[in-house]
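Participant:
Numbering (the numbering used here), first residue to last: 15 to 243.
1) With DSSP collapsed to three states, give me the class of residue 212.
2) Only counting the same chain, and skipping five residues up and downstream in sequence, which positions put a Cβ closer than 6 Å to that of residue 31?
3) Using 9 Å as the limit for Cβ to Cβ distance, is residue 228 near chain C?
4) Would DSSP call residue 197 helix, strand or coil?
5) Which word fits residue 246, buried or exposed, when buried means at least 16 other C-beta atoms lie within 10 angstroms of its C-beta?
6) Around the Cβ of residue 204, are there at least 16 other Cβ atoms within 10 angstroms (buried) or fewer (exposed)?
7) Quick one, which of 114, 164, 183 has its alpha-carbon nearest residue 152's?
8) Going by DSSP in three states, residue 127 sits in which element: helix, strand or coil?
9) At 4 residues or longer, what runs of the alpha helix (DSSP H) sit wholly inside the region 43-116?
10) Note the first and the last residue of the continuous beta strand (DSSP E) segment covering residue 244.
11) Across which residues does DSSP place residue 150 in a beta bridge pair?
12) For residue 157, which option in 48, 67, 201, 33 has the closest C-alpha, if you only look at C-alpha atoms?
13) Between the Cα of residue 192 and those of 169, 123, 58, 33, spot the shortest distance and give me the residue it belongs to.
14) Over what stretch of residues does the beta strand (DSSP E) that includes residue 229 continue unbroken?
15) The alpha helix (DSSP H) with residue 22 in it runs from where to where?
16) How many angstroms separate the CA atom of residue 93 from the CA atom of residue 177?
17) Could you give the DSSP three-state label for residue 184: helix, strand or coil?
18) Would you mind reading off the limits of the beta strand (DSSP E) that contains residue 218?
19) Taking the Cβ atom as the reference point for each residue, do residue 160 and residue 59 lie within a distance shorter than 9 Å?
20) Check whether the region 69-80 touches the region 119-136, counting contact only when three or more Cβ pairs, one atom from each stretch, lie closer than 8 Å.
Below you can see the structure in the form of structure tokens.
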């Protein structure tokens, strides 16, 4: 079994980088954002470079992530894993902390070298007002390079995460080319909404504030093949 998340990601998008990898819906705002494998890889590379060049993180270092399921969260997580870092949601000392704008108040429980806030706004717009002590992830990450060489051995948690993802994919019956609809509120674990689809080269339709009345039409228009139960 492959135990390197960066390699799984690269293999998943290699056959057709232009194919939609993650389609994001927010039914509260009407937003729909479609991210191809190539676009996601660009954000992942920039995030990896930010972590290595700006933060100075080294393989195995801990990074805090206080982010909900979102396409930008996918970029942050895959960037961290590509750099061989350990992602944690438990407060403590970390090299960097990534927090949604509505969760920056929790930052006091963390000792972080660098702190990045995310607006998670449509069109990847930056924050209107950057919280004190934070930098705007969207602004900072865009200044970094489009190519990043992942840490070859993967991170310390890669094998466990991918093992869980493979089990989840098998449980759901996912196969290459599957398209999975996920209610973000019910499945916040990235093993469900990100890694399980990646291990079997599936794509995701990730829905926040999901309006159940939209499901029949969305399933048809997005051509989804599976819905997380």
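Note that beta-carbon positions come from the ideal geometry of N, C-alpha and C, so glycine has one too. In this text the structure is predicted, and so the values were computed from the model without any measurement.
Facilitator: Working from what's here:
1) helix
2) 51, 52
3) Protein chains in the displayed structure number just one, and chain C is not present.
4) strand
5) Outside the shown range of the chain, which is 15 to 243, sits residue 246, and nothing can be said about it.
6) buried
7) 114
8) strand
9) 51-63, 85-96
10) The chain is shown from 15 up to 243; residue 244 falls before or after that span and cannot be answered.
11) 131
12) 67
13) 33
14) No beta strand (DSSP E) holds residue 229; the alpha helix (DSSP H) holding it covers 229-235.
15) 19-27
16) 19 Å
17) helix
18) 217-222
19) yes
20) yes
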